[in-house]
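Here the structure comes first, spelled out in structure tokens, and everything after it is commentary.
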Amino acid sequence: MSEIFLPSITHVLPMTAIRRQRILPVPGAIMVRVNEKVQAADVVAEAEIEPKHYYLDIARGLGLSPKAAARHIVPQKGDRVEAGQLIAGPVGITRRSVRAPAEGHIADIRQGRVLLEARGELLQLRAGFPGVVIGSDGSQVVTVETTGALIQAAWGNGLQDYGVMRMVGESPASRLQTDHLDVNLRGAVLVAGICDHSAPLHQATELSVRGVILGSMAAELIPVARKLPYPVLLIEGFGEQPLNSLAYHLLINNVGREVAVDAGSPWPQPGYRPEVVIPLPANRQVALPEDVIALKPGRRVRILKPPYQGEVGLVRELLTAAISYPNGVRARSAAVEIEGVGTTNVPLANLEILQ
Amino acid sequence: MSTYLDADTLLAIDVGTVNTRASLFDVVDGRYRLIATGRAPSTAGSPLFDVSEGVRMAIERVQVITGRQLVDESDLLIMPVTGQGSGVDMFVATGSAGPKVRTVILGLMPGVSTQSALRLADSTYLEAVETIHLLDTRREEEKIDAILSCHPDLILIAGGTDGGAQDSVLKLIELASIAVSQVPASARPRIIYAANRGLAATVADRFDDRFDLAQAPNVRPSLEIEDLGHARLALGEAISEARARKIRGYEELEQWSGGRLMLTADAFGRVIRYLSRIYDPEKGVLGVDVGASHTMVAASFEGDLRMRVETGLGMGEPLPNLLRHVSLADILRWMPREVKAGDLLNYIYNKSLAPGTIPTEEIDLDIELAIARELLRVALRAARTQWPSGKNLNSSWLLPAIEPVIASGAVLGRAPKPGYAALALLDALQPTGITTLVLDPHGLSPSLGAAAAIVPMLTVHVLESGSYVSLGTVVSPVGKTRVGRKVLNLRLEYDQGTEDIAGEVRMGQLVVLPIRPGDHGKLTLRPERGFDVGFGGPGKAGALRVAGGVVGLIIDARGRPIEFSPDAERQREMNLKWLQDIGART
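If you're matching them up, the sequences are chains A and B in order.
With this note's numbering applied, the first sequence corresponds to residues 1 to 355, in that order.
With this note's numbering applied, the second sequence corresponds to residues 1 to 586, in that order.
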């Protein structure tokens, strides 16, 4: 056994296989077949969620004891019923009866009572990016795969969309500003460095953009971003952090292509990360990205904390002893070479592998 | 020879959300000592969802430090110790890492059984996502929808005294039964029945083999008696199983520990309860832990443990939740230099995205400690609602007499100077009278709690060793006067060597007298009229033996509660001065 360090990983890859599961929160219907080609907007699975229930007291409705009422219940457990359909009765001179208050199915019958489950809201899961269906469990999970560029992000506002990518501004630190947004960007996925104001986000709504990819955004804009009709995705995090150099170059090299912006879902799976997927044809077999990578000299890393927050560098050495930092905190560290800065020591805890 | 000397070496693992710690204990000169600790990033989360790798790395760190082989080439724990001195004799493990256990609470009366069930949920890693009781005016189908829509992992049924009325409890059982039967078998929540025992057979009948049912003794066997201990055990098992379903590696720890894998909170609480039995019975013992995903407050008064686990409050991923309880200004008031509210908000959200990061700049350290103060204040306020009469918030907003305060959590433990942790604790807890601040920098308390079940002496020996850091004795006079007016006279007579110190302390001052760890002295306090230092009432003088600490003897005469200057710049100057006074800043 040798001592190893396994920092978190952010994938920023120009060409990789990308395999993603689309998972319904409850069992439902799978709308695609294995090996079927799908487009980003194709519905791959759907289910009724949050169904409303009616717990019908048949005994009270018919004016009978629970035991007697049970004999007058018409449908069986599992039967579908229409709104107004007879559930129990009629009994007695007054022809008392109980009818279904809504369309649904009989979920349970017990002690003179009927549990009617009405239809819920239809949830549809989309493929998210063009690809091929490579697997399904037949009721809840669909696996879609493609090849292309992948940029994992730090935060998303919970929405997904797909569109042609356009750059706003000319540097990784360019600000998203209203005077940069014109009709030529209508329906596009916008890329900018920093957003510190809500006005450009609202203007982007008027342009019906399909998404905004940012290096960072002021955290005070989170409530605004969560109400926008398009996905907002932050590659770095919050504050004034420009796009890291690797992600910036990958994005700028693919301007004009269609990209999938996955900024989250209401039912994120464990380990879920917001991401940008740029589907690209592969002229060779490409592998899935590695999920576990040990930190060692030569690894490309991103620094997660000031003073070099957001900088990308190469690990030169893993230091054997803990070292002290300006505030007196001691931490096990690595020597990291940052372009334009030189070699500096960074706590291992403040590094993530960029691959 | 006692049995523990036949089984000397113990390895303890604590799996946290961000860090996994391995601690090796052995007998040195007839007493158990901490030999080494190793820390590694936890691997309970993405991408591995397997605690084993973090455990392996933490153990490897201990192996590197000690040169002792603890696991074999197949990564299996060597147990017992071999003739070559490899391996360990005993193993214990604790864990807090894992998803929240979403819990629906069904109770009868809101202020009685439902309250007990909520208290039970608050004492461990449960997130109460829905509460339904007898006075709930929603229709039955609305209650069924409410249960189903929150996708619970657990349903806790409480209500009805033993031998009491059964009809209302039967309705709860019926409600749970009909709701849970709508959930696919693979996703059904566990049901814990801790209500009227007279219905035990009916419950077993209603929740047959198709359901995952556990029965525990009634949490409210009578109106006057609350018994949470037994139900907590059942909950502990349920939480452990829920975690094991989602994260690999816990089963292996369970095996290694001979089935003694404990929840970190339970083990932490056990240590605090133990201490309350050996310290001054007039005072309580307080344990606080600021973790990445949870903030724990354990208070014990003569063995009566009151545990509070704030699952939505921590220095890591849930950090933004703190802003539901306090404002940015509340955090900023502890800062010794100006930080814009927007920058603090950005910091909080970035920390939430990267919980394992550590501050390397002074300003970031100040921000994290300011946040820790507010986390502790919020958690303590919530915890005190459940403390016994006379100690709780209804009795007085002042913290009751406590001795000692045990504090842990990386944000405190890694502070570069002990004064940082001491001041953060004083600001957050605002103790009264005389107490001692003790720091657990290695996060040993859960491991000692787990070890207490098999080697009680280990817990005793390590608590008395230098593995816990005494920050110092604190005197906090309680009373009102103008800033600058005299609060008390004091005299510190050292046992050996050093010349005595005598003087007076004025309102608003934070005074530290030097008395090193291992040194002792006699402290005489003569408070002014209206000031209580814990000698039986305002103005009462007295003397006590004090032991040294890494900070020294602290006289905190800033008042209770600490009052803030309306001038933010002036407050920042005061904060900096307090940091300087306590030795954290020069």
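C-beta atoms are modelled at their ideal positions from N, C-alpha and C, and glycine is treated no differently.
All values derive from a computational prediction rather than experimental measurement.
Notebook entry, point to check: Nearest-angstrom Cα distance between Ala179 of chain B and Val55 of chain B?
Noted result: The residue you call residue 179 of chain B lines up with position 179 of the second sequence. The residue you call residue 55 of chain B lines up with position 55 of the second sequence. About 39 Å.
Notebook entry, point to check: Would you call the segment 138-149 of chain A and the segment 107-115 of chain A touching, i.e. three or more CB-CB distances under 8 Å?
Noted result: Contact between the segment 138-149 of chain A and the segment 107-115 of chain A is absent, because fewer than three Cβ pairs lie under 8 Å.
Margin query: Mapping the DSSP letters down to three states, classify Lys577 of chain B as helix, strand or coil.
Written below: The sequence position of residue 577 of chain B within the second sequence is 577, counting from 1. Looking at Lys577 of chain B - three-state DSSP - the assignment turns out to be helix.
Next item on the list: For Arg39 of chain B, count neighbouring C-beta atoms within 10 Å of its own C-beta (all shown protein chains included) and say buried if the count is 16 or more, exposed if not.
Entry: Mapped onto the second sequence, residue 39 of chain B falls at position 39. The residue in question, Arg39 of chain B, is buried, as its Cβ has 16 or more Cβ neighbours within 10 Å.
Item checked: Cβ of Asn244 of chain A within 8 Å of any chain B Cβ -> For the purposes of this step, residue 244 of chain A is identified with residue 244 of the first sequence, where counting begins at 1. Any Cβ of chain B closer than 8 Å to the Cβ of Asn244 of chain A would place that residue at the interface, and such an atom is absent.
Note to self: In whole angstroms, give me the CA-to-CA distance for Val64 of chain B and Ser447 of chain B.
What the structure shows: By one-based count along the second sequence, residue 64 of chain B stands at place 64. By one-based count along the second sequence, residue 447 of chain B stands at place 447. Spanning the two alpha carbons is a distance of roughly 21 Å.
Check: In terms of alpha-carbon separation, which member of B:Gly443, B:Glu464, B:Leu513 lies closest to Asn19 of chain B?
Finding: One-based indexing of the second sequence puts residue 19 of chain B at position 19. The shortest C-alpha separation from Asn19 of chain B is found at B:Gly443.
Notebook entry, point to check: Of all the residues that make up the segment 53-71 of chain A, which are near chain B by a beta-carbon distance shorter than 7 Å?
Noted result: Flagged, chain order: His53, Tyr54, Tyr55.
Note to self: Among B:Arg572, B:Gly552, B:Thr586, B:Val487, whose alpha-carbon lies nearest the alpha-carbon of Gly530 of chain B?
What the structure shows: Within the second sequence, numbered from 1, the residue matching residue 530 of chain B stands at position 530. For Gly530 of chain B, the nearest C-alpha among the options comes from B:Val487.
Next item on the list: Determine, using beta-carbon pairs with one atom in the segment 459-474 of chain B and one in the segment 23-40 of chain B, whether at least three such pairs fall under 8 Å.
Entry: Yes, they touch.
Item checked: Touching by the beta-carbon criterion (3+ pairs, under 8 Å), the segment 567-581 of chain B and the segment 544-553 of chain B -> No, the segment 567-581 of chain B does not touch the segment 544-553 of chain B.
Note to self: I need the straight-line Cα distance from Gly158 of chain A to Pro231 of chain A, nearest angstrom please.
What the structure shows: Within the first sequence, the letter at position 158 stands for residue 158 of chain A. Within the first sequence, the letter at position 231 stands for residue 231 of chain A. When rounded, the distance between both Cα atoms is 7 Å.
Checklist line | Any 3 or more C-beta pairs closer than 8 Å across the segment 165-182 of chain A and the segment 70-84 of chain A | finding: The answer is no - the segment 70-84 of chain A does not touch the segment 165-182 of chain A, with fewer than three Cβ pairs under 8 Å.
Checklist line | Test: Lys227 of chain A CB closer than 8 Å to a CB of chain B | finding: As a working note, residue 227 of chain A is residue 227 in the first sequence. For Lys227 of chain A, the answer is no, since every Cβ of chain B falls outside 8 Å of its Cβ.
Notebook entry, point to check: Would you say Gly542 of chain B reaches chain A, if we count a Cβ-Cβ gap shorter than 8 Å as a contact?
Noted result: In the second sequence, counting from the first residue as 1, residue 542 of chain B sits at position 542. No, Gly542 of chain B does not count as interfacial toward chain A.
Check: Below 8 Å between beta carbons: does that hold for Pro274 of chain A and Phe129 of chain A?
Finding: Taking the first sequence and counting its residues from 1, the one referred to as residue 274 of chain A is at position 274. Taking the first sequence and counting its residues from 1, the one referred to as residue 129 of chain A is at position 129. No, Cβ-Cβ distance for Pro274 of chain A and Phe129 of chain A is not below 8 Å.
Notebook entry, point to check: So who's on the other strand from Tyr162 of chain A, going by DSSP bridges?
Noted result: Residue numbering aside, residue 162 of chain A sits at position 162 when the first sequence is read from its first letter. A:Ala260, per the DSSP bridge assignment.
Item checked: Neighbour-count burial assignment, Ala453 of chain B, 16 or more Cβ in a 10 Å radius -> On the second sequence, residue 453 of chain B is found 453 positions in, with the first residue counted as 1. Per the 10 Å Cβ criterion, exposed.
Notebook entry, point to check: On the three-state DSSP scale, how would you describe Leu207 of chain A?
Noted result: Start at 1 with the first residue of the first sequence, and residue 207 of chain A comes out as number 207. The answer is coil: DSSP assigns Leu207 of chain A none of H, G, I, E or B.
Checklist line | Cβ-based neighbour list, Asp50 of chain B, same chain, cut-off 8 Å, excluding 5 preceding and 5 following | finding: Within the second sequence, residue 50 of chain B is the residue found at index 50, counting from 1. If we look at Asp50 of chain B and ignore the five residues flanking it on each side, its Cβ neighbours are Thr43, Ala44, Ile247, Arg248, Gly249.
Check: Of the residues B:Pro217, B:Ala242, B:Ser222, which one's Cα is nearest the Cα of His230 of chain B?
Finding: For this step, residue 230 of chain B is matched to residue 230 along the second sequence. Out of B:Pro217, B:Ala242, B:Ser222, B:Pro217 has the C-alpha closest to the C-alpha of His230 of chain B.
Next item on the list: Any chance you could list the alpha helix (DSSP H) runs of at least 4 consecutive residues sitting entirely within the segment 213-247 of chain A, in chain order?
Entry: Counting only runs of 4 or more, we get 222-227.
Next item on the list: Take the Cβ of Lys67 of chain A as the centre, count every other Cβ of all protein chains shown within 10 Å, and call the residue buried at 16 or more, exposed below.
Entry: Mapped onto the first sequence, residue 67 of chain A falls at position 67. Counting Cβ neighbours within 10 Å, Lys67 of chain A comes out exposed, since fewer than 16 surround it.
Check: What residues in the segment 264-298 of chain A bring their beta carbon closer than 9 Å to a beta carbon of chain B?
Finding: Taking 9 Å as the Cβ-Cβ cut-off, the segment 264-298 of chain A approaches chain B at Pro270, Gly271, Tyr272, Arg273, Asp291, Val292, given in chain order.
Next item on the list: Let me know the secondary structure DSSP gives Asn345 of chain A once reduced to three states.
Entry: The sequence position of residue 345 of chain A within the first sequence is 345, counting from 1. Three-state result, Asn345 of chain A: strand.
Next item on the list: Measure how close the beta-carbons of Leu207 of chain A and Leu228 of chain A come, nearest whole angstrom, since I'm counting them as under 8 Å.
Entry: Mapped onto the first sequence, residue 207 of chain A falls at position 207. Mapped onto the first sequence, residue 228 of chain A falls at position 228. Leu228 of chain A and Leu207 of chain A do not touch by the CB rule: their CB atoms are close to 12 Å apart, not below 8 Å.
Notebook entry, point to check: So, helix, strand or coil for Lys486 of chain B, using DSSP?
Noted result: Within the second sequence, numbered from 1, the residue matching residue 486 of chain B stands at position 486. The answer is strand: DSSP assigns Lys486 of chain B an E or B state.
Next item on the list: Can you check the segment 31-77 of chain A for any alpha helix (DSSP H) of at least 4 residues that lies completely inside it and give the ranges in chain order?
Entry: Qualifying alpha helix (DSSP H) stretches, in chain order: 58-62, 66-70.
Margin query: Residues of chain B with CB closer than 7 Å to the CB of Val329 of chain A, please, in chain order.
Written below: Mapped onto the first sequence, residue 329 of chain A falls at position 329. Per Cβ cutoff of 7 Å: Ile358, Pro359, Thr360, Leu365, Arg414, Pro416.
Notebook entry, point to check: What does Asn19 of chain B pair with, by DSSP beta-bridge criteria?
Noted result: Position 19 of the second sequence holds residue 19 of chain B. As a beta-bridge residue in DSSP terms, Asn19 of chain B pairs with B:Pro41.
Next item on the list: Using only alpha-carbon positions, find the residue among B:Val183, B:Ile402, B:Thr103, B:Val169 that is nearest to Ser113 of chain B.
Entry: As a position in the second sequence, residue 113 of chain B is number 113, starting the count at 1. It is B:Val169 whose Cα lies nearest to the Cα of Ser113 of chain B.
Check: Within 10 angstroms of its Cβ, does Lys391 of chain B collect 16 or more other Cβ (buried), or is it exposed?
Finding: As a first step, residue 391 of chain B must be located in the second sequence, where it is residue number 391. Buried is the call here.
Notebook entry, point to check: Cβ of Ile4 of chain A less than 8 Å from any chain B Cβ?
Noted result: Against the first sequence, residue 4 of chain A aligns to sequence position 4. So yes, Ile4 of chain A belongs to the interface.
Margin query: Taking a contact to mean a Cβ-Cβ separation below 8 Å, would you say Leu348 of chain A touches Leu304 of chain A in this structure?
Written below: Walking along the first sequence from the start, residue 348 of chain A turns up at place 348. Walking along the first sequence from the start, residue 304 of chain A turns up at place 304. Contact check for Leu348 of chain A against Leu304 of chain A fails: the beta carbons are separated by 8 Å or more.
Notebook entry, point to check: What is the rounded straight-line gap between the Cα of Gln285 of chain A and the Cα of Arg333 of chain B?
Noted result: Position 285 of the first sequence holds residue 285 of chain A. Position 333 of the second sequence holds residue 333 of chain B. For Gln285 of chain A and Arg333 of chain B, the distance between alpha carbons rounds to 58 Å.
Checklist line | Span of the beta strand (DSSP E) around Asp330 of chain B | finding: To locate residue 330 of chain B, count along the second sequence from 1; it is residue 330. Counting along the chain, no beta strand (DSSP E) covers Asp330 of chain B; the unbroken alpha helix (DSSP H) around it starts and ends at 328-332.
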